[in-house]
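Take a look at the structure below.
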Amino acid sequence: MSSNRKGKLVLYSGASGVGKGTILGEAMRRNPRLRLSVSNTTRKPREGETNGEHYNFVSREEFEDLISRGGYLEYAEYCGNLYGTPKQQVEELLEQGYDVLLEIEVQGGLQIMEQYPDVLSIFILPPSMSELESRLRNRGTEDEQTVQKRMEQAKTEMTMQNRYRHRVVNDDLETAVNEVLDIIERGE
Ligand code: 5GP
8 MSSNRKGKLV LYSGASGVGK GTILGEAMRR NPRLRLSVSN TTRKPREGET
58 NGEHYNFVSR EEFEDLISRG GYLEYAEYCG NLYGTPKQQV EELLEQGYDV
108 LLEIEVQGGL QIMEQYPDVL SIFILPPSMS ELESRLRNRG TEDEQTVQKR
158 MEQAKTEMTM QNRYRHRVVN DDLETAVNEV LDIIERGE
C-alpha cells in the first residue's frame with residue numbers, strides 16, 4: 008500500500024479460547040488496511056498452523072539471540088513458552104500505512120503501553136468464565152493440563168482488563184467484529 012499516512016498500532020488481548028483470532032480474521036477480511044503482526048514463538052506448532060503465517064516457530068536459542076540484539080518490541084513467557092513481537096516487521100508495516108494489530112497477552116501488552124502510552128488497546132472478554140472453559144475444551148487443541156493452565160492464566164489476565172482502553176465481549180461474533188472495527192476506525 009502506498010500512502011503518506013502512517014498506520015496506527017493496535018494492541019489486542021484477551022484470554023486464550025476467547026475467540027480473538029476468529030474476530031480478527033473477519034475484521035481483516037472487511038478492512039484491507041489491517042495487518043496482523045506475526046510473532047516469534049518457541050511453542051510447537053499446532054495442527055494446521057503454518058510457519059510464517061500464524062507464527063514464526065523458532066528455537067529458544069534463536070529467540071534469545073534476537074532478544075540480545077534488541078529486536079523485539081516486547082516479549083513474554085506464557086505457559087512455559089516465549090512469545091515476542093519482532094520490531095522491524097511492525098515498523099515497516101506502519102511506515103507503509105497499514106494499521107498493525109498486536110495480538111498478544113497482557114504482560115507484553117503492558118510493555119507496549121509503557122512505550123506507546125497512546126496506543127489503541129482492546130481487550131476481548133468471554134460472556135462468562137464457564138463459557139470460556141467450554142470453548143477452550145471444545146477447541147480440542149490442548150490437553151487437560153494445558154486447559155487448566157490456560158484457565159488459570161485467563162483469570163489472572165482478566166484482572167488486567169481495566170488497563171485497556173476498550174473492552175469487547177465476544178458473545179455474538181458479528182457484534183464483536185463490528186465493535187472492533189468501529190474502535191479501530193474511530194482510532195481513539
Ligand atoms: P497461543 O499459544 O494460544 O497461540 O498464544 C498464547 C498467548 O500468547 C495468547 O494470549 C497470545 O495472544 C499471546 N501471544 C502471541 N504472540 C505474542 C507475542 O508476540 N507477544 C506476547 N507477549 N504474547 C503473544
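According to the working numbering, the stretch in the sequence shown is residues 8 to 195, in order.
Glycine is no exception: its CB is placed at the ideal position from the N, C-alpha and C atoms.
Return yes when the Cβ of valine 175 is within less than 8 Å of the Cβ of glutamate 186, no when it is not.
Indexing the sequence shown from 1 puts residue 186 at position 179. Indexing the sequence shown from 1 puts residue 175 at position 168. In contact: glutamate 186 and valine 175 (Cβ atoms closer than 8 Å).
Give the single residue among Arg42, Asn38, Asn47 and Gln114 whose Cα lies nearest to the Cα of alanine 4.
Any question about residue 4 goes unanswered here, given that the chain covers just 8 to 195.
Serine 75, enclosing alpha helix (DSSP H) - first and last residue
Position 68 of the sequence shown holds residue 75. Where serine 75 is concerned, the enclosing alpha helix (DSSP H) stretches over 67 to 75.
Per DSSP, which one or two residues make a beta bridge with alanine 83?
As a position in the sequence shown, residue 83 is number 76, starting the count at 1. DSSP, once it has assigned bridges, lists Tyr90 as partnering alanine 83.
What does the alpha-carbon distance come out to for the pair leucine 100 and glutamate 140?
What you label residue 100 is simply residue 93 of the sequence shown in a count that begins at 1. What you label residue 140 is simply residue 133 of the sequence shown in a count that begins at 1. Using only the alpha carbons, I get a separation of about 35 Å.
Can you check whether the CB of leucine 89 is closer than 8 Å to the CB of arginine 53?
Here residue 53 is taken as the residue at index 46 of the sequence shown, counted from 1. Here residue 89 is taken as the residue at index 82 of the sequence shown, counted from 1. No Cβ-Cβ contact shorter than 8 Å links arginine 53 with leucine 89.
Kindly identify the DSSP beta-bridge partner or partners of isoleucine 129.
For the purposes of this step, residue 129 is identified with residue 122 of the sequence shown, where counting begins at 1. Isoleucine 129 pairs with Tyr19 and His173.
Does the beta carbon of glutamate 81 fall short of 7 Å from some heavy atom of the ligand 5GP?
As a working note, residue 81 is residue 74 in the sequence shown. It does: the Cβ of glutamate 81 is within 7 Å (strictly closer) of some heavy atom of the ligand 5GP.
With a threshold of 7 Å, establish whether the CB of glutamate 192 neighbours any heavy atom of the ligand 5GP.
What you label residue 192 is simply residue 185 of the sequence shown in a count that begins at 1. The closest heavy atom of the ligand 5GP lies 7 Å or more from the beta carbon of glutamate 192.
Specify whether the segment 19 to 37 and the segment 137 to 156 touch according to this definition: at least 3 beta carbon pairs, one from each stretch, less than 8 Å apart.
A contact between stretches requires three or more CB pairs, one per stretch, nearer than 8 Å, and the segment 19 to 37 meets this requirement with the segment 137 to 156.
So what does DSSP say about glutamate 110, is it helix, strand or coil?
Here residue 110 refers to the residue found at position 103 of the sequence shown. Looking at glutamate 110 - three-state DSSP - the assignment turns out to be strand.
With distance defined between alpha-carbon atoms, name the residue in Asn38, Tyr123 and Thr49 nearest to leucine 80.
Walking along the sequence shown from the start, residue 80 turns up at place 73. Cα-wise, what sits closest to leucine 80 is Tyr123.
If I measure Cβ to Cβ from valine 126 and keep anything under 7 Å in the same chain, skipping five residues before and after, which residues do I get?
The residue you call residue 126 lines up with position 119 of the sequence shown. Only Leu16, Leu18, Ile119 and Met120 meet the Cβ criterion.
Assuming glycine 104 contacts arginine 170 (C-beta within less than 8 Å), just tell me the rounded distance between them.
As a first step, residue 104 is located in the sequence shown; it is residue number 97 there, counting from the start. As a first step, residue 170 is located in the sequence shown; it is residue number 163 there, counting from the start. With a Cβ gap of about 28 Å, glycine 104 and arginine 170 do not count as contacting.
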